[in-house]
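Heads up: the sequence shown begins at 37 in this note's numbering, then just goes up one per residue. The beta carbon of each residue, even a glycine, is placed where N, CA and C say it ideally should be.
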Amino acid sequence: MPYPEIRPRRLRRTPALRRLVSETRLDPAELVVPMFVKEGLTEPRAIASLPGVLQHSRDSLRKAAVEAVQAGIGGIMLFGVPAERDPAGSGGIDPDGILNVAIRDVVSEVGDATVVMSDLCLDEFTSHGHCGLLTPDGEVDNDATLGAYAEMAVAQAEAGVHVVGPSGMMDGQVGVVRRALDAAGHQDVAVLAYAVKYASAFFGPFRDAVESALEGDRRAYQQDPANLRESLREVALDVAEGADMVMVKPALPYLDVVSAVRDAVDVPVAAYQVSGEYAMVEAAAANGWIDRERVMLETLTSIRRAGAQIILTYWAVEAARLLRERY
Ligand code: PBG
């Protein structure tokens, strides 16, 4: 050993020392739980590929929202599953559509005690499952879709949502949504832009959760997993168009992107630990191959360490409870 003896292990000796020097701490206030609500359900329903996650009825959603608030989580991201779909995704705009109704339900239940957010995308509402309107030859029509997003944003704002989350990866969507909200008097509704969203196979279980009608893929609008610089371009555009917060999605396979985005912008950065990331851990844990709780917290810590200040995760409520027990 050279002198003086530099021994990093000194600071790892006891739990108290490790706690003292910990560089990254998870806080329930920074966790956001995605929740699904399905039109017409009277009882919540399990989702086979997302063990522990439910398709809620309107009633069970209200209760779950209250429990999430009691656990101290920072927000709820709502997704609606309509009973019927059409090519225009009109259920997303209809004030009586399931997502808009669910926003009203949750806001009336929890008020401002947490941040209520909504997915702003057409894919749950279209019969073809794409995130936008289609041209006659079946391509996603960017600019026609923007008009629908604008209407959807206003409908969600009128339902009382605090934050809208445009997730369809149409060019110009943030600016159009911001202008539409402002024109309708909703200057206070914030935009969490899914600025960076890869055409990822990790979304698989989510498509079960929303009973997606999609055939084919979204590679003509979501990003190529090979690209990092492109993400910085997406983020810069969204911030210029008025995004209040930006999100990277998925999370764990893209920690380099989270870190680069954190360095590039001064708005809060969120990361979405998506359905496939969750399902992989749950499946391995169900087989007894890994320690579920430790892996859960390790993945969340890694996403936090990479630079995401806000994490969307299906474990949010459970993780929040675990964190409260520990500290
Ligand atoms: C689009 C949307 C998707 C997810 C969130 N918003 C699906 C997609 O782009 O195909 C995926 C979330 C997850 O996998 O957990 N409305």
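- The alpha-carbon of R43 is positioned some 15 Å away from that of T50.
- In the DSSP annotation of this structure, the continuous segment of the beta strand (DSSP E) that includes S154 starts and ends at V151 to L156.
- The closest CA to that of A107, considering only R81, P64, E120 and S85, is found on P64.
- Around the beta carbon of A184, 16 or more other beta carbons lie within 10 angstroms, which makes this residue buried.
- Shown here for A315: same chain residues with a beta carbon closer than 7 Å to its own, the five before and five after excluded, namely S85, L86 and P241 in chain order.
- Distances from the CA of P289 to each of K233, V303 and A276 were compared; the closest alpha carbon is that of K233.
- Between A245 and S163 a beta carbon distance of about 18 Å is seen, past the 8 Å cut, so the two are scored as non-contacting.
- Nearest C-alpha to S58 among S338, A307 and E313: S338.
- Of all C-beta pairs linking the region 203 to 218 to the region 157 to 174, three or more are shorter than 8 Å, placing the two stretches in contact.
- For R45, the three-state secondary structure derived from DSSP is helix.
- Rounded to whole angstroms, T349 and Y39 show a C-alpha spacing of 46 Å.
- The C-beta separation of R340 from T60 comes to about 5 Å, placing the pair in contact by the 8 Å criterion.
- Taking a 10 Å sphere around the C-beta of S236, we find 16 or more other C-beta atoms and assign the residue as buried.
- Positions of the alpha helix (DSSP H) runs, each at least 4 residues long and wholly inside the region 176 to 202, are given as 178 to 194 in order along the chain.
- The ligand PBG never approaches F161 closely enough for any of its heavy atoms to be under 6 Å from the residue's Cβ.
- Counting the other CB atoms within 10 Å of its CB gives D253 a total below 16, which places it among the exposed residues.
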